[in-house]
Amino acid sequence: EEKDECIIATEV
Amino acid sequence: GKSMNGAVPHDNLVLIKMRPDENGRFGFNVKGGADQRMPIIVSRVAPGTPADMCMPRLNEGDQVVLINGRDISDHTHDDVVMLIKASCEDQSGELILLVRPN
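So the sequences go chain by chain: A and B.
Heads up, the first sequence is in our numbering, so the first residue is 1171 and it goes up one at a time.
Heads up, the second sequence is in our numbering, so the first residue is 123 and it goes up one at a time.
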């Protein structure tokens, strides 16, 4: 299954 | 006139250099990575940070192609974050990004 709403953004 | 004659096209790419602030932050967010089957994209640039004030400026939507000369196309999200954070502990402290503007 694809989880297309699972986007992680990391602050650097 | 920089014809690459069929080699990897580097046209439309922008080289961006910045130094971290006193807290070791560059002031942008990245999303994507090989483990997410998504390119590394700048998702946010915070106002007044090194990423905002460098010339040329980093922009939301930019796709990161190289980090400090390293091809990151096979790197996971966490690898990319570590690579960026490691660069501020580097001797020069400089982060050099090659990006494809959106």
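C-beta atoms are modelled at their ideal positions from N, C-alpha and C, and glycine is treated no differently.
Simplified DSSP assignment, three categories, for residue i
i, result
"isoleucine 206 of chain B", "helix"
"methionine 160 of chain B", "strand"
"alanine 168 of chain B", "coil"
"valine 1182 of chain A", "coil"
"methionine 177 of chain B", "coil"
"aspartate 200 of chain B", "helix"
"phenylalanine 148 of chain B", "coil"
"aspartate 154 of chain B", "Correcting the residue identity first, residue 154 of chain B is glycine in this sequence and not aspartate. Looking at glycine 154 of chain B - three-state DSSP - the assignment turns out to be strand."
Distance, residue j Cα to residue i Cα
i, j, result
"alanine 208 of chain B", "histidine 199 of chain B", "14 Å"
"glycine 155 of chain B", "isoleucine 138 of chain B", "20 Å"
"asparagine 224 of chain B", "glutamate 216 of chain B", "23 Å"
"asparagine 145 of chain B", "threonine 171 of chain B", "11 Å"
"valine 167 of chain B", "valine 136 of chain B", "16 Å"
"arginine 159 of chain B", "isoleucine 1178 of chain A", "12 Å"
"arginine 222 of chain B", "glutamate 182 of chain B", "11 Å"
"threonine 1180 of chain A", "asparagine 151 of chain B", "5 Å"
"valine 186 of chain B", "glutamine 213 of chain B", "22 Å"
"methionine 175 of chain B", "isoleucine 194 of chain B", "24 Å"
Minimum Cβ-Cβ distance from residue i to chain C less than 8 Å
i, result
"valine 152 of chain B", "The structure shown contains no chain C; its protein chains are A and B."
Per DSSP, the bridge partner or partners of residue i
i, result
"leucine 219 of chain B", "B:Ile138, B:Ile189"
According to a CB-to-CB cut-off of less than 9 Å, which residues of the stretch 183 to 203 of chain B neighbour chain A?
His199, Asp200, Val202, Val203
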